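A short worksheet on the structure shown next.
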Amino acid sequence: MNKFFIALIAAIILIPSFYALISPTLYEPNVQWHNYKSARTIDSTKPIFVFAKMRFCTTCATMEKNVFTDPALAKVLNEDFIPVKATINFMLSSFVFDDLKDKEGKQLTFRGFPAVMIVRGDNYSLSHGYKSVEQLQALLSEQIK
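Going left to right, the sequence shown walks through residues 2 to 146 as the numbering used here numbers them.
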């Protein structure tokens, strides 16, 4: 009887730990994410797709869980773009995207999260806020025409 209770308590303790270990792979099994610096060095004609998030942003986490797990969206991102995921710290964001300037020559700044950005060479288009699968697919299809 004691062995049964010990096994039951061990299972109760270990199952959540195991789930926490594998849950990131459950959320995004298909998108092959890169970091921004390595994406810029890839010799490709594909545009770079950037998903910018903040560490404690619940809307960002919801978007990761509900949008980037879509198999059709993941396929488009992997085949037609170089997908980048960046966790932004306001103090360091200028160092991550230091090569991107707006039309007036000012450093790129994020005004809200989550944000998605398409980078082609030195040009970029930036959009803030939650995007559904359909909204993101429409945005991406405009870029690959």
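Every residue, glycine too, gets a C-beta built ideally from N, C-alpha and C. Source: prediction; values computed, not measured.
Three-state class that DSSP yields for residue i in the structure shown
i	result
K132	coil
K86	strand
E29	Annotation note: pLDDT 45 at E29 (below 50); position unreliable, no value reported.
Q144	helix
P72	helix
Strand pairing of residue i, partner residues [DSSP]
i	result
M118	V51, L127
Q108	K102
Beta-carbon spacing of residue i, residue j below 7 Å
i	j	result
R174	P48	Since the displayed the chain opens at 2 and closes at 146, residue 174 lies outside it and no answer follows.
V85	V51	yes
Y125	T60	no
V117	S133	no
A40	F111	no
Q136	I119	no
Option nearest residue i by Cα separation, candidates the options
i	options	result
T156	N36, E143, S142	One cannot answer for residue 156 here, as it falls past the ends of the chain, which runs 2 to 146.
S45	D81, K102, Q144, K104	D81
P115	T42, S39, F69	F69
E65	K38, K4, W34	W34
T42	I83, N79, F57	I83
F57	N90, E135, N67	N90
D100	K38, L141, K4	K38
Contacting residues, own chain, Cβ-Cβ under 8 Å from residue i (five flanking each side not counted)
i	result
Q138	A73, L74, V77
K102	Q108, L109, D123
Beta-carbon proximity list for residue i, same chain, < 6 Å, skipping 5 on both sides
i	result
F98	L109
N79	Q33
L141	V77
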